[in-house]
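Quick note: the sequence shown uses our numbering, first residue 345, plus one each step. Cβ atoms here follow ideal geometry from the backbone N, Cα and C, with glycine treated the same way.
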Amino acid sequence: MKRQSIKNSTILIVGGAGFIGSHLVDQLIAEEAKQVVIIDNLFIGTKDNLNHALNKGAILHVDNAENQEALTYIIEKYDIDIVFNCATKPLNYSFMNPANTFLTNVLVLKNLLELQRKNSFQTLCHFSSSEAYGSAQYQPMDEGHPLIPLTTYAAGKASADLMLQSYVRMFDLDAFIVRPFNNYGPRQNFEGEMAGVIPLTIKKILDGSTPEIHGDGKQTRDYIYVQDTAHIVLKVFPVIPPGECVNITTDQQTDIKTVVETVADSMKYKGTILKRTARKADVQSHRGSVKKLADMVGQTQKTPFKDGILNTVDWVKKVKGNS
Ligand SMILES: NC(=O)c1ccc[n+]([C@@H]2O[C@H](COP(=O)([O-])OP(=O)(O)OC[C@H]3O[C@@H](n4cnc5c(N)ncnc54)[C@H](O)[C@@H]3O)[C@@H](O)[C@H]2O)c1
Numbered sequence: 345m346k347r348q349s350i351k352n353s354t355i356l357i358v359g360g361a362g363f364i365g366s367h368l369v370d371q372l373i374a375e376e377a378k379q380v381v382i383i384d385n386l387f388i389g390t391k392d393n394l395n396h397a398l399n400k401g402a403i404l405h406v407d408n409a410e411n412q413e414a415l416t417y418i419i420e421k422y423d424i425d426i427v428f429n430c431a432t433k434p435l436n437y438s439f440m441n442p443a444n445t446f447l448t449n450v451l452v453l454k455n456l457l458e459l460q461r462k463n464s465f466q467t468l469c470h471f472s473s474s475e476a477y478g479s480a481q482y483q484p485m486d487e488g489h490p491l492i493p494l495t496t497y498a499a500g501k502a503s504a505d506l507m508l509q510s511y512v513r514m515f516d517l518d519a520f521i522v523r524p525f526n527n528y529g530p531r532q533n534f535e536g537e538m539a540g541v542i543p544l545t546i547k548k549i550l551d552g553s554t555p556e557i558h559g560d561g562k563q564t565r566d567y568i569y570v571q572d573t574a575h576i577v578l579k580v581f582p583v584i585p586p587g588e589c590v591n592i593t594t595d596q597q598t599d600i601k602t603v604v605e606t607v608a609d610s611m612k613y614k615g616t617i618l619k620r621t622a623r624k625a626d627v628q629s630h631r632g633s634v635k636k637l638a639d640m641v642g643q644t645q646k647t648p649f650k651d652g653i654l655n656t657v658d659w660v661k662k663v664k665g666n667s
């Protein structure tokens with residue numbers, strides 16, 4: 345298999361103003377992509393996440409990728425070679441608007457696969473999620489683990505993955521799936537009901553309010569620093585065969601209680617931590633197998649959890665004007 349390299353390619357990042365997408369954009373620019381183009385409806389993403397990239401010549405289109413014509417226009421206008429699909433609605437949003445969250449995850453990918461089937465671009469890297477697995481039936485969870493989604497967000501992710509694999513079987517598309525576990529780091533949303541636990545805890549401490557844990561805090565997640573994810577995806581890119589899926593994880597399992605306490609310690613917070621009722625459909629345990637990833641690309645970048653937390657604290661402080 346010979347895939348076009350990132351260097352000198354024209355690349356579209358769908359949902360590229362978001363958390364992971366914007367870090368990927370920065371790394372694609374560092375890898376000397378010819379042109380980086382972003383489509384994002386700014387549902388959660390922000391133009392600020394792209395400040396650096398826009399200064400370096402990236403182009404942002406604020407538009408809805410569920411709209412086939414919006415995508416067709418951009419892909420034709422720039423003669424796109426490679427597409428990374430990072431668009432999604434947040435998991436928490438699926439508790440408020442379950443059907444819409446499901447459909448965004450499915451419709452954006454459907455549009456991309458239909459365009460790829462018509463040879464509008466060459467290669468598609470689609471972002472799945474460890475949420476597609478649901479709670480672990482066995483650990484560590486490898487790529488053959490059954491998909492038992494607990495939320496409509498996860499059901500949308502799982503459905504999208506199956507759709508991609510069927511398009512590859514039917515039409516020989518050069519499309520593949522990367523499946524990250526829990527990401528954390530700068531640019532993760534910390535506002536409102538859709539905030540991630542790490543930035544939310546940091547914000548609460550900065551605001552002088554009390555950090556919280558839902559349930560007993562023993563739920564575990566495999567945390568991976570967002571820049572490590574972007575780095576690993578670009579290492580996977582040249583070698584993963586079409587139709588394949590690979591976990592993006594560093595096998596760094598941490599329970600939520602430890603996560604909140606690590607944030608509190610690194611901010612020298614000495615107050616209490618509130619215990620709240622468990623969230624419905626919260627997966628209990630997530631430990632990803634790194635075997636397939638390691639077989640594909642060898643050892644990968646692994647930012648120590650405490651360093652990643654400190655970088656995240658610095659970023660939240662900067663954005664909130666606390667530093
Ligand atoms: N953050 C994590 O921990 C994590 C873990 C596993 C998988 N993932 C996956 O990685 C990808 C990126 O996640 P993220 O954390 O950066 O999420 P994010 O919400 O920060 O980014 C998603 C982006 O998609 C945009 N978007 C939503 N609907 C759109 C639409 N219709 N048209 C155009 N843009 C739209 C949003 O505005 C946002 O900028 C997603 O596929 C997600 O499922 C994330």
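Beta carbon of residue i nearer than 8 Å to that of residue j
i, j, result
"I382", "H405", "yes"
"P555", "K548", "yes"
"T496", "A443", "yes"
"N455", "L415", "yes"
"K351", "E376", "yes"
"I568", "T593", "yes"
"A431", "G529", "no"
"V627", "K579", "no"
"Y482", "I492", "no"
"I419", "L372", "no"
"P582", "V660", "no"
"V450", "M514", "no"
"T310", "I546", "As shown, the chain starts at 345 and ends at 667. That puts residue 310 outside it, with no answer to give."
"N526", "F363", "no"
"T606", "K650", "yes"
Extent of the continuous alpha helix (DSSP H) run through residue i
i, result
"H396", "395 to 399"
"V580", "570 to 580"
"Y422", "412 to 422"
"A498", "496 to 515"
"V657", "649 to 664"
"R523", "Unbroken run through R523 is the beta strand (DSSP E), 518 to 524; no alpha helix (DSSP H)."
"K371", "In the sequence on display, residue 371 carries Gln and not Lys. Taken as a continuous stretch (DSSP letters only), the alpha helix (DSSP H) holding Q371 covers 363 to 374."
"Q460", "442 to 461"
"V358", "It is not in any alpha helix (DSSP H) - V358 instead sits in the beta strand (DSSP E) that spans 354 to 358."
"T606", "600 to 610"
"I542", "541 to 551"
"V641", "635 to 641"
Straight-line gap, residue i to residue j (C-alpha atoms, nearest Å)
i, j, result
"Y417", "A574", "27 Å"
"F439", "E475", "14 Å"
"Q532", "L453", "23 Å"
"T602", "I557", "10 Å"
"D384", "M345", "31 Å"
"A361", "C469", "17 Å"
"P524", "S472", "7 Å"
"N429", "V369", "12 Å"
"D551", "D407", "33 Å"
"E458", "T354", "19 Å"
"D595", "N411", "37 Å"
"I653", "F387", "25 Å"
"K646", "Q597", "13 Å"
"G540", "G559", "16 Å"
"R565", "T448", "25 Å"
"N441", "K391", "25 Å"
"R623", "N436", "10 Å"
"D599", "G615", "20 Å"
"Q509", "M611", "44 Å"
"D639", "S553", "45 Å"
"T445", "A498", "9 Å"
"A402", "A608", "37 Å"
"R461", "P648", "41 Å"
Min CB distance residue i to chain D below 8 Å
i, result
"T416", "This model lacks chain D altogether, as it is built from one protein chain only."
heavy atom of ligand 2 below 7 Å from residue i C-beta
i, result
"I364", "Inclusion of ligand 2 in the displayed structure is not the case, the ligand content consisting of ligand 1 alone."
Extent of the continuous beta strand (DSSP E) run through residue i
i, result
"D384", "379 to 384"
"R620", "618 to 620"
"Q563", "Note, Q563: premise wrong, no beta strand (DSSP E); not H, not E."
"L435", "Run containing L435: none; DSSP gives neither H nor E here."
"T467", "467 to 471"
"L404", "403 to 406"
"F428", "426 to 429"
Please determine if the stretch 479 to 489 and the stretch 621 to 641 are in contact, where contact requires at least 3 C-beta pairs separated by less than 8 Å.
yes
Take every Cβ of the stretch 496 to 503, pair it with every Cβ of the stretch 562 to 577, and state whether three or more of those distances are shorter than 8 Å.
no
The stretch 462 to 472 touching the stretch 419 to 428, judged by at least three CB pairs closer than 8 Å
yes
How about the stretch 507 to 523 and the stretch 579 to 592: do they share at least three Cβ pairs that are nearer than 8 Å?
yes
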